[in-house]
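See structure below.
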Amino acid sequence: MKALNNRELYNLDQELFKFKGIERAIWIRRAELMSSNGEEIVGSRGGGISKPTESTVIKLSTDVPLRNLELFKETVETFMKELTAEQRDIFELRWGQACLDWEEIAEKMHISTATVYRKRNNILETYARTKGIL
15 MKALNNRELY
25 NLDQELFKFK
35 GIERAIWIRR
45 AELMSSNGEE
55 IVGSRGGGIS
65 KPTESTVIKL
75 STDVPLRNLE
85 LFKETVETFM
95 KELTAEQRDI
105 FELRWGQACL
115 DWEEIAEKMH
125 ISTATVYRKR
135 NNILETYART
145 KGIL
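Counted the way our numbering counts, the sequence shown spans residues 15 to 148.
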């Protein structure tokens with residue numbers, strides 16, 4: 015198994031910050047797709063029957079940015095199931111609502127900075143395995 019270098023660890027760390035706002039991003043993208051943008055207003059010349067529900071479902075299921083957001087959310091949720099209780103606490107302190115830096119997390123959990131960085135590496139390696147990088 016290959017080890018992650020510092021740059022890869024940093025990139026994974028930054029990527030996980032997006033998880034905090036993923037629900038809102040998915041909601042916004044769905045709203046953009048479902049809002050009428052003039053396609054239904056004009057109508058068709060042929061007088062055919064329109065199927066707005068069907069066209070909305072097709073838009074939602076074929077939109078690549080929406081699928082990517084949903085896949086990211088699913089990946090992180092799967093990854094979080096693999097974490098221990100202590101690792102989940104660290105996850106919430108770092109990438110959840112608190113957004114603390116590593117030194118603040120070490121202080122809050124009453125552990126050394128070296129220990130919190132070691133735990134960070136374990137968390138990010140678990141995430142990399144879930145993503146298929148490792």
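The C-beta atom is built at its ideal place from N, Cα and C for all residues, glycine as well.
Between which two residues does the alpha helix (DSSP H) harbouring LYS73 extend?
Start at 1 with the first residue of the sequence shown, and residue 73 comes out as number 59. DSSP places LYS73 inside the alpha helix (DSSP H), whose first and last residues are 66 to 76.
Excluding the five sequence neighbours on either side, which residues of its own chain have a C-beta within less than 8 Å of the C-beta of THR92, listed in chain order?
Within the sequence shown, numbered from 1, the residue matching residue 92 stands at position 78. So the qualifying residues of the chain are THR144.
Which of helix, strand or coil DSSP assigns to LEU30
Walking along the sequence shown from the start, residue 30 turns up at place 16. Reduced to three states, the DSSP call for LEU30 is helix.
Cβ-Cβ distance between ALA11 and GLU106 below 8 Å
The chain is shown from 15 up to 148; residue 11 falls before or after that span and cannot be answered.
Three or more C-beta pairs below 8 Å linking the segment 119 to 138 and the segment 63 to 77
Contact between the segment 119 to 138 and the segment 63 to 77 is absent: fewer than 3 CB-CB pairs across the two stretches fall below 8 Å.
ARG81, buried or exposed, once every other Cβ within 10 Å from all chains shown has been counted against 16:
Counting from 1 along the sequence shown, the entry for residue 81 is found at position 67. With fewer than 16 other Cβ atoms within 10 Å, it is exposed.
In whole angstroms, what is the alpha-carbon distance linking ILE55 and THR70?
One-based indexing of the sequence shown puts residue 55 at position 41. One-based indexing of the sequence shown puts residue 70 at position 56. Reliability of the predicted coordinates at ILE55 is poor, the pLDDT of 48 falling under 50, and the value obtained from them is presented with this limitation in mind. The straight-line gap from Cα to Cα measures roughly 15 Å.
Burial state of ILE137 (16 or more Cβ within 10 Å)
Numbered from its first residue, the sequence shown carries residue 137 at position 123. Buried, by the Cβ-count rule.
Applying the 10 Å Cβ sphere with the 16-neighbour rule, what's the burial state of ALA142?
The count along the sequence shown starts at 1 and reaches residue 142 at position 128. Label assigned to ALA142: buried.
Three-state class that DSSP yields for ASN19 in the structure shown:
In the sequence shown, the residue the question calls residue 19 occupies position 5. Three-state result, ASN19: coil.
Is the Cβ-Cβ distance between ILE84 and ILE40 less than 8 Å?
Along the sequence shown, read from residue 1 onward, the residue named residue 84 stands at position 70. Along the sequence shown, read from residue 1 onward, the residue named residue 40 stands at position 26. The question names Ile, but residue 84 is Glu in the sequence shown. Contact: yes.
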